[in-house]
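**Q**
4 protein chains.
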Amino acid sequence: MSKVFDYEEVAKHNTAESCWVILYGSVWDVTSFLPSHPGGSKIILQLAGTDATEEYDPIHPPGTLEESLPSSAKLGTIDPDTLPKTETAPADDDPTDTGPPPLEDLLNLDDIEEAATKQLSRKAWAYYFSASDDLATKSHNNTAYRQILLRPRIFRDCTHCSTATTLLGHSVNIPIYVAPAAMARLAHPDGEAGIAAACARFGAVQVVSNNASQTPEQIVAGAAEGQVFGWQLYVQTERAKSEAMLARIAKLPAYKFLVLTLDAPVPGKREHDERSKNIGANLPIRSSVQEGSASTTSPDPEAASAKEIPAPTGGVGKALFAGTAPDLTWATTLPWLEKHTTLPIVLKGIQTHEDAYIASRHPQVKAIVLSNHGGRAMDTAPPAVHTLLEIRKYCPDVFERVEVWVDGGIKRGTDVVKALCLGAKAVGVGRAALFGLGAGGQQGVERVLEILKAETETAMRLLGVERVEELGLQHINTRRVEQEIYDGPANLEGPSLWEKASTAIKAKL
Amino acid sequence: MSKVFDYEEVAKHNTAESCWVILYGSVWDVTSFLPSHPGGSKIILQLAGTDATEEYDPIHPPGTLEESLPSSAKLGTIDPDTLPKTETAPADDDPTDTGPPPLEDLLNLDDIEEAATKQLSRKAWAYYFSASDDLATKSHNNTAYRQILLRPRIFRDCTHCSTATTLLGHSVNIPIYVAPAAMARLAHPDGEAGIAAACARFGAVQVVSNNASQTPEQIVAGAAEGQVFGWQLYVQTERAKSEAMLARIAKLPAYKFLVLTLDAPVPGKREHDERSKNIGANLPIRSSVQEGSASTTSPDPEAASAKEIPAPTGGVGKALFAGTAPDLTWATTLPWLEKHTTLPIVLKGIQTHEDAYIASRHPQVKAIVLSNHGGRAMDTAPPAVHTLLEIRKYCPDVFERVEVWVDGGIKRGTDVVKALCLGAKAVGVGRAALFGLGAGGQQGVERVLEILKAETETAMRLLGVERVEELGLQHINTRRVEQEIYDGPANLEGPSLWEKASTAIKAKL
Amino acid sequence: MSKVFDYEEVAKHNTAESCWVILYGSVWDVTSFLPSHPGGSKIILQLAGTDATEEYDPIHPPGTLEESLPSSAKLGTIDPDTLPKTETAPADDDPTDTGPPPLEDLLNLDDIEEAATKQLSRKAWAYYFSASDDLATKSHNNTAYRQILLRPRIFRDCTHCSTATTLLGHSVNIPIYVAPAAMARLAHPDGEAGIAAACARFGAVQVVSNNASQTPEQIVAGAAEGQVFGWQLYVQTERAKSEAMLARIAKLPAYKFLVLTLDAPVPGKREHDERSKNIGANLPIRSSVQEGSASTTSPDPEAASAKEIPAPTGGVGKALFAGTAPDLTWATTLPWLEKHTTLPIVLKGIQTHEDAYIASRHPQVKAIVLSNHGGRAMDTAPPAVHTLLEIRKYCPDVFERVEVWVDGGIKRGTDVVKALCLGAKAVGVGRAALFGLGAGGQQGVERVLEILKAETETAMRLLGVERVEELGLQHINTRRVEQEIYDGPANLEGPSLWEKASTAIKAKL
Amino acid sequence: MSKVFDYEEVAKHNTAESCWVILYGSVWDVTSFLPSHPGGSKIILQLAGTDATEEYDPIHPPGTLEESLPSSAKLGTIDPDTLPKTETAPADDDPTDTGPPPLEDLLNLDDIEEAATKQLSRKAWAYYFSASDDLATKSHNNTAYRQILLRPRIFRDCTHCSTATTLLGHSVNIPIYVAPAAMARLAHPDGEAGIAAACARFGAVQVVSNNASQTPEQIVAGAAEGQVFGWQLYVQTERAKSEAMLARIAKLPAYKFLVLTLDAPVPGKREHDERSKNIGANLPIRSSVQEGSASTTSPDPEAASAKEIPAPTGGVGKALFAGTAPDLTWATTLPWLEKHTTLPIVLKGIQTHEDAYIASRHPQVKAIVLSNHGGRAMDTAPPAVHTLLEIRKYCPDVFERVEVWVDGGIKRGTDVVKALCLGAKAVGVGRAALFGLGAGGQQGVERVLEILKAETETAMRLLGVERVEELGLQHINTRRVEQEIYDGPANLEGPSLWEKASTAIKAKL
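Protein chains in written order, with full-length UniProt numbering: chain H, 1 to 509; chain B, 1 to 509; chain V, 1 to 509; chain U, 1 to 509.
(1) Assign Ser-18 of chain V to one of two classes, buried (16 or more other C-beta atoms within 10 Å of its C-beta) or exposed (fewer than that).
(2) What are the residues of the region 133-159 of chain V that lie near chain U, defined by any Cβ-Cβ distance shorter than 8 Å?
(3) Run through the region 372-429 of chain V for me and flag every whole beta strand (DSSP E) of 3 or more residues, listed as ranges in chain order.
(4) Who pairs with Gln-236 of chain B in a beta bridge, going by DSSP?
(5) Taking Cβ to Cβ, would you say Thr-261 of chain V is nearer than 8 Å to Leu-233 of chain V?
(6) From the beta carbon of Ala-16 of chain B, is the nearest beta carbon of chain V less than 8 Å away?
(7) Using alpha carbons as the reference points, say which of H:Leu-389, H:Ile-154, H:Pro-344 lies closest to Pro-253 of chain H.
(8) State whether the region 411-430 of chain B contacts the region 463-479 of chain B, with contact taken as three or more CB pairs (one from each stretch) at a distance under 8 Å.
(9) Check the DSSP bridge columns for Gln-364 of chain V and list the partner residues they point to.
(10) Chain H beta carbons: is any one of them nearer than 8 Å to that of Leu-388 of chain B?
(11) Among V:Gly-375, V:Val-385, V:Phe-399, V:Asn-372, whose alpha-carbon lies nearest the alpha-carbon of Ser-360 of chain V?
(12) Out of H:Gly-268, H:Pro-175, H:Leu-83, point me to the one whose CA is closest to Ser-132 of chain H's CA.
(13) Just to confirm, is the Cβ distance from Ser-213 of chain B to Arg-185 of chain B under 8 Å?
(14) State the DSSP-derived secondary structure class of His-170 of chain V, mapped to helix, strand or coil.
Here it is, written out as structure tokens:
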């Protein structure tokens with residue numbers, strides 16, 4: 001029988017010499033673990049002597065404690081009556097608020113975000129909302145859609161309308177998927193499994209984040225018959241860990257494809273996230289997909305976060321980058337990956353026509369995702385709309401060779417339709433799903449999908465289109481965006497890099 | 001002699017089991033009618049046990065009650081002394097307001113809208129003001145005019161200036177008509193007949209909405225000698241109803257042409273309207289032009305409104321769409337229509353040069369209206385200015401084959417003049433007329449027409465133009481807009497749809 | 001000896017039956033004059049029974065009373081002790097203001113306007129500030145300059161810099177002139193003569209408004225040796241009046257040229273001005289240059305103001321337009337004018353290259369002024385910068401045939417320099433001079449000229465230019481504006497009007 | 001032993017007849033010096049009878065007093081207990097502020113500026129912040145970078161990343177240098193030497209201002225081994241002074257090159273600076289690099305400030321311009337300079353491709369700096385991004401003949417990378433360094449460099465680039481800016497000036 005502690009006793013052990021924390025009602029002595037904590041000892045010490053459950057829970061998947069600490073570290077249980085009262089301050093703390101509005105009153109994705117902003121903790125909000133530098137690309141991702149006009153046709157029978165399509169050969173009900181975004185439980189206890197349940201209801205694909213806050217097994221445990229999942233992969237510097245994860249995913253048939261994320265080999269600079277660090281947003285976390293206590297990831301929805309400004313010596317920054325491999329190349333990574341998986345490969349993070357071209361010449365690549373990481377990697381990177389138009393301009397056969405997916409900036413069904421008109425096979429929503437989760441758990445995600453589906457159908461009907469395959473360039477006016485698309489002839493430096501690259505590739509093929 | 005009820009008694013019958021309402025001083029038992037109410041029972045139940053006259057009156061034309069309910073449902077009359085006092089809250093409820101300003105102090109259409117906003121109920125305002133999604137097209141409709149510059153000429157004798165012109169062969173005093181907009185009595189008791197009286201005074205054409213809040217007969221009852229009306233037609237799924245309406249209109253010689261509305265086969269998503277639903281804006285209504293109690297329309301100024309996000313099962317949404325036919329086509333609808341009317345046909349809702357081209361090849365079409373439904377159907381649809389320029393660019397002979405009218409975004413006489421310079425024969429104002437009605441009834445509509453006429457004359461004089469026929473491309477600079485017009489060569493999908501369509505048409509002719 | 005009245009006695013005569021007013025300390029019975037007052041009786045009746053001096057004085061030149069009324073109408077004098085105290089509310093009535101700042105603290109023309117706004121009466125401010133409709137052209141006049149970039153050169157000896165140039169053969173010290181703007185005494189008692197004194201100090205040309213608030217003789221009475229004035233002419237419907245005025249000007253050798261204003265044959269719609277009507281801004285006025293009591297002008301700085309929305313019958317509007325001739329033409333007006341003056345003729349109000357071309361083919365025209373009447377005539381008319389570029393594009397030899405002056409939107413010396421680079425020989429400032437007058441009388445106007453001259457010199461030096469003649473297209477980058485210039489080929493209506501016109505002209509020559 | 005004065009005694013000597021001031025605890029009689037003070041006597045008289053140390057110190061380098069006054073003028077010392085308490089009001093005086101935030105919490109250059117704004121005196125802030133006229137060019141300098149998009153590449157090994165490069169043959173660790181900006185001690189006592197220490201830590205070049213607030217010797221006294229400095233030169237009207245300075249610099253081997261500033265032959269009009277004159281910002285100053293008491297410069301970071309609006313007679317303005325030579329030319333200045341220095345020459349202030357072309361044809365010119373003086377000279381001058389693109393368009397071989405540096409508008413590492421992609425060899429930061437100094441002295445400057453270096457590395461890695469030499473046009477999309485670049489064919493004035501100039505030059509070579 002375990003010993004019962006008073007909070008007053010625990011509170012005394014708040015130093016590096018003797019560091020106790022309360023987790024899920026138990027008292028743990030983590031003193032010996034301090035030096036090996038992936039995110040450094042400082043973060044634990046900030047919580048030393050307190051109940052750290054609230055901070056710990058949403059960012060550590062089940063089993064983390066047991067994997068990391070010997071059973072002897074569990075000293076006993078806490079007397080709950082001795083715990084101080086806690087207060088949680090939501091991001092938008094308006095005393096006149098009287099709880100969240102009913103989901104049915106949230107009419108669009110902005111409403112959803114607003115409602116979630118009032119529900120989420122400040123740190124979760126900062127984590128989801130943030131993007132690089134001045135948020136120029138995050139904003140441009142959306143405004144690029146708004147610059148495109150739609151061309152409604154008349155006298156078209158729009159009695160019937162279907163958003164059904166196929167992705168990598170799998171039938172789906174909507175051309176909208178949930179993009180990989182980390183740590184869903186920061187938003188709501190329903191977590192990634194809640195997103196999965198919502199996707200099941202709408203026949204939508206879900207790409208699970210490499211840094212999910214639930215295990216890959218938990219997320220697909222309740223999957224519907226035929227429900228399709230993708231698994232997002234960040235290649236680890238220690239390739240063996242990535243290989244082990246690939247083996248683990250191989251045992252879960254719900255995962256139908258791999259999404260290799262390439263748009264954040266190093267973290268962007270997300271200042272909203274940075275500024276909330278004192279309230280915990282930057283707590284390095286133990287993702288569900290890491291094997292062993294030494295691996296480290298951070299609370300980026302997709303990639304490893306990091307202290308943005310490494311000290312000139314580079315010490316701290318280097319430590320935090322540990323884990324995610326920055327050395328991927330066309331020549332080495334895809335061959336390695338093929339050895340360890342039989343799943344179709346999707347490359348995420350294409351931002352130029354050159355890379356789209358090269359990818360389309362690699363037979364093992366079945367789809368590419370035009371993405372700038374939701375504006376969280378390079379600020380002033382082009383929005384997916386630009387890359388779609390660039391591919392159209394320079395190498396349109398890419399659309400015939402691989403499926404082209406896009407993410408970033410989708411807020412309306414008209415945005416979905418515009419992407420499809422430009423050649424996209426599917427559009428991903430990341431923040432919207434997380435804000436849906438924040439606004440109402442699984443039901444909130446369903447509301448997001450319901451809104452987007454209905455808006456997409458209305459737009460299709462008004463265009464006089466019955467099936468998504470019919471959508472094409474004749475339905476849109478892109479004049480305003482075309483004037484801003486990369487224009488090769490301005491490149492005066494000789495043959496562009498992609499030409500050299502494609503020559504090399506062709507030589508290989 | 002009818003029984004007299006106390007309000008307290010009526011108030012008890014507020015359930016689906018026993019549902020009474022007070023209408024025009026009478027007490028009705030509508031329990032048996034609940035299942036067949038076009039808008040569903042819920043809306044009636046919200047008013048169960050109360051005096052529903054204020055909500056009912058402005059959106060149901062005379063005769064609706066008698067058509068829908070047996071005389072036995074009329075239980076008696078209410079003792080007016082027992083009624084509770086009611087309060088009406090205008091849209092802009094500023095306690096410092098001291099009533100509306102004199103109409104002569106309203107100098108432009110923005111002033112008119114501002115004054116109306118203070119007079120209208122919140123639900124009427126939301127209904128008139130709203131447009132789809134983010135209001136991008138509603139705004140663009142106006143800003144597209146402002147991007148065009150006028151080119152005043154000197155040394156022109158501008159002693160005389162006439163805005164007179166002809167529409168479909170009928171002489172009119174101004175090239176401005178009142179576009180079809182539903183439910184005028186929401187704005188003011190003068191209703192559509194008040195608009196008619198104002199039009200008479202200015203020699204302007206009025207196109208009466210399919211969903212008017214007065215009967216077609218009432219509206220033209222006081223028509224002036226030679227006054228010209230058009231009738232707007234939404235084709236009903238039950239064609240027989242539309243045919244009956246055509247027969248009814250045929251008996252009213254004031255109606256000189258038919259306007260077939262095509263730009264809203266399904267309703268757009270109007271969130272301002274949605275958000276006011278709890279105060280009644282979305283009450284499904286019994287329009288004056290529907291035959292029989294089963295038909296349903298809704299309070300869209302032009303088309304059927306609907307709950308925007310159909311439940312995934314589609315049940316509610318489908319029910320609300322009922323009535324307006326979504327299956328119109330070039331091949332079937334025009335031949336059918338010709339069988340049932342001898343009036344000239346105007347097609348409203350053209351938004352591409354392709355559809356303008358096709359329409360101009362149908363001999364029975366005498367005019368087309370370039371319209372995006374006031375921004376209420378597809379958001380990010382092109383403004384009429386774009387479509388005018390598109391036609392000029394691709395198929396300018398359209399202007400010689402049919403009259404081209406435009407609506408949407410007109411706020412100034414300079415806007416009117418610009419549309420005419422681009423080839424429009426007339427411009428329609430919808431919201432402006434309704435806001436005029438809201439600001440001052442018939443006199444408010446007159447003020448709108450007076451302002452636009454005077455501004456148009458001033459602009460013509462400063463251009464050195466005496467008659468509207470003289471206005472042409474030499475009077476405007478459209479460089480800024482031209483750069484945003486749809487540009488065919490971007491269509492990489494093979495021959496454009498209109499080419500195929502026109503080939504098919506030509507084969508027929 | 002005249003009778004002395006108490007204010008109480010005068011105050012009783014406040015009706016159309018007996019209407020007295022106090023003017024300059026005298027009591028006048030104006031009852032019999034009411035029907036013939038140019039602006040209608042209503043305006044006088046608003047002041048009936050009161051001391052109207054403050055409203056009357058700034059807008060009636062000396063001699064008006066005596067011309068209009070018989071001496072018997074002067075009943076006597078007022079006992080000043082019986083007058084009520086008056087309050088004047090400035091346009092920007094901030095109780096924390098402690099008087100105007102010293103002129104030397106006003107660093108730019110915005111400062112000057114801000115200071116003047118606090119000094120001027122609301123009605124004077126509205127009158128000067130207002131422009132047509134939405135003020136789009138007033139704003140564009142300035143932003144068009146800001147869209148042009150300057151191209152500073154290095155290693156140029158800028159020890160010396162001279163802004164001197166010639167206008168119509170007369171030497172001037174700066175290429176900046178004061179444009180004709182009416183009723184300067186509304187701003188300050190120094191009036192037009194104060195502007196003249198300021199111009200003398202800076203060697204600047206002044207074009208005196210047709211509707212000046214001082215007589216032509218008064219204005220030039222203190223002229224410096226060699227000081228150059230122009231006289232602005234609005235042709236009156238009664239040509240004899242204009243002819244008399246030309247004869248009067250001919251006797252004043254300081255007036256070296258005539259400026260025939262053509263950009264406002266009818267008044268624009270200036271709503272700021274309209275809205276201040278209740279406080280007197282629209283008082284029809286007795287301009288110094290009208291002969292006889294029947295002529296009417298209004299307080300437009302340049303042209304006749306009018307109630308913007310004529311009643312449908314047109315009665316009131318027509319009455320107010322009376323006076324200024326709307327029937328000027330190339331064929332009739334210039335020949336008539338040549339008969340009645342020997343002065344060089346300047347045509348003001350050119351807004352298209354067509355009219356510039358035609359004007360340049362008329363040998364009696366020595367200069368043209370590209371002007372849209374300060375944005376007060378046609379809203380969305382092109383700024384002078386556009387017309388300059390249009391002429392460069394279509395008919396650059398205009399610059400060799402006539403002097404091209406511009407006005408509108410000048411706020412900085414860089415604006416002056418840009419206009420000169422584009423080919424302008426001089427730039428006019430209208431509102432700036434009036435605001436200078438409002439901010440500090442003659443010294444305020446001097447401050448305006450001092451600022452513009454210094455800024456112009458700085459800009460010239462930084463461009464490496466010593467004399468204004470050296471300024472050219474190589475010193476500016478107009479890419480952003482060029483994209484918005486009228487583009488002939490868009491004119492699909494056959495040969496443009498100017499071609500026809502020039503053919504006709506050439507046939508004559 | 002010196003006499004000790006009470007403050008009360010000193011305070012009596014506050015007139016032109018007897019003028020004492022306290023400086024560094026000593027009491028000086030400066031009565032006889034009043035007429036010869038470079039900035040005029042008025043400025044001293046404002047401080048007469050007070051402790052002027054605070055105003056005097058940051059803008060006068062050591063030795064100034066001793067040079068200017070005889071030792072007899074030092075009357076004695078002040079009894080410090082008698083001095084009144086002083087208060088200093090920072091620029092942004094928010095009583096809720098609780099001191100500056102830790103430097104590590106300042107995440108970007110905007111944060112740095114905000115923190116500095118709260119630390120700096122109003123006059124120092126105005127002096128650093130100000131730019132010409134409407135600040136259009138200051139703003140454009142930055143927004144031009146934001147209009148350029150970056151093109152991240154995938155599958156690039158970004159393990160290694162180096163910002164090292166060479167400038168004029170000298171190895172540096174970052175392609176960012178501190179641009180010459182005057183009077184650093186206004187911001188912080190660390191002054192220019194503090195900037196030098198920060199540069200040493202980051203391996204950055206510092207260009208020392210001609211108007212530094214420390215002597216050239218002091219600034220390089222603590223230089224690190226191999227640290228590189230440049231010396232900014234304004235040529236004085238009295239060439240002998242400039243020659244003496246060149247001789248002095250020649251003795252300090254840390255100065256490796258000369259930067260001849262050409263973009264401000266006359267001062268721009270900086271109104272923020274003007275408006276703060278009453279609190280001392282415009283105090284004419286005794287720069288460290290002037291020899292003898294008669295020379296005058298002013299507190300422009302780079303050039304001589306001046307009363308912007310010279311009196312019409314030009315007297316005051318002329319006096320203040322004294323010192324800096326406005327008569328530099330290609331033909332005379334470079335040959336003269338070559339006689340007096342052996343250092344490589346850098347020309348600063350190129351704003352057109354013509355001048356870049358000419359400079360590149362002068363063999364003694366080793367680098368050019370595209371600069372508009374931080375927007376402080378000509379307003380609406382082009383940003384460096386424009387000039388880079390202009391050179392690319394007209395005469396790209398300039399990049400092969402000379403090093404091209406840029407300054408102005410740099411706020412982000414992405415801005416740095418964009419400039420390098422366009423061909424710049426290095427980018428300078430002026431205000432950022434001064435605001436860093438203001439925010440935290442030497443450490444603040446280090447923070448600025450740390451942020452820019454880290455952001456630059458992140459941007460390089462996301463582009464897939466390891467060394468700065470690899471950056472090229474293929475990494476950027478400049479479509480939006482290209483549309484605004486000067487376009488030769490618009491020059492209709494015959495052969496452009498640069499052609500003539502280059503012909504002349506070629507003839508010489």
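Quick reminder that beta carbons are idealized off the backbone N, C-alpha and C, glycines included. Quick caveat, the model's predicted, so the values are computed rather than measured.
**A** This is what the structure gives:
(1) As a first step, residue 18 of chain V must be located in the third sequence, where it is residue number 18. That one is exposed.
(2) Taking 8 Å as the Cβ-Cβ cut-off against chain U, the residues of the region 133-159 of chain V that qualify are Arg-146, Ile-148, Leu-149, Leu-150, Arg-151, Pro-152, Arg-153, Ile-154, Phe-155, Arg-156, Asp-157, Cys-158, Thr-159.
(3) Every beta strand (DSSP E) stretch that sits fully inside the region 372-429 of chain V and reaches 3 residues is listed by chain position as 403-407, 426-429.
(4) Residue mapping note: residue 236 of chain B aligns to position 236 of the second sequence, counting from 1. Its beta-bridge partners are B:Thr-324.
(5) On the third sequence, position 261 is the one that residue 261 of chain V refers to. On the third sequence, position 233 is the one that residue 233 of chain V refers to. Contact: yes.
(6) Translated into positions along the second sequence, residue 16 of chain B becomes position 16. Any Cβ of chain V closer than 8 Å to the Cβ of Ala-16 of chain B would place that residue at the interface, and such an atom is absent.
(7) Sequence index remark: in the first sequence, residue 253 of chain H carries index 253 (1-based). Looking at the Cα atoms, H:Pro-344 is the closest of the given residues.
(8) Counting C-beta pairs closer than 8 Å gives three or more between the region 411-430 of chain B and the region 463-479 of chain B, which meets the contact rule.
(9) On the third sequence, residue 364 of chain V is found 364 positions in, with the first residue counted as 1. Assignment of beta-bridge partners to Gln-364 of chain V by DSSP yields no partner.
(10) Taking the second sequence and counting its residues from 1, the one referred to as residue 388 of chain B is at position 388. Not closer than 8 Å to any Cβ of chain H, the Cβ of Leu-388 of chain B fails to qualify, so no.
(11) As a working note, residue 360 of chain V is residue 360 in the third sequence. Nearest Cα to Ser-360 of chain V within the set V:Gly-375, V:Val-385, V:Phe-399, V:Asn-372: V:Phe-399.
(12) Looking up residue 132 of chain H in the first sequence gives position 132. Residue H:Gly-268 is the option with its Cα nearest to Ser-132 of chain H.
(13) The residue you call residue 213 of chain B lines up with position 213 of the second sequence. The residue you call residue 185 of chain B lines up with position 185 of the second sequence. Between Ser-213 of chain B and Arg-185 of chain B, the gap from beta carbon to beta carbon is short of 8 Å.
(14) For this step, residue 170 of chain V is matched to residue 170 along the third sequence. Here His-170 of chain V sits in strand by DSSP.
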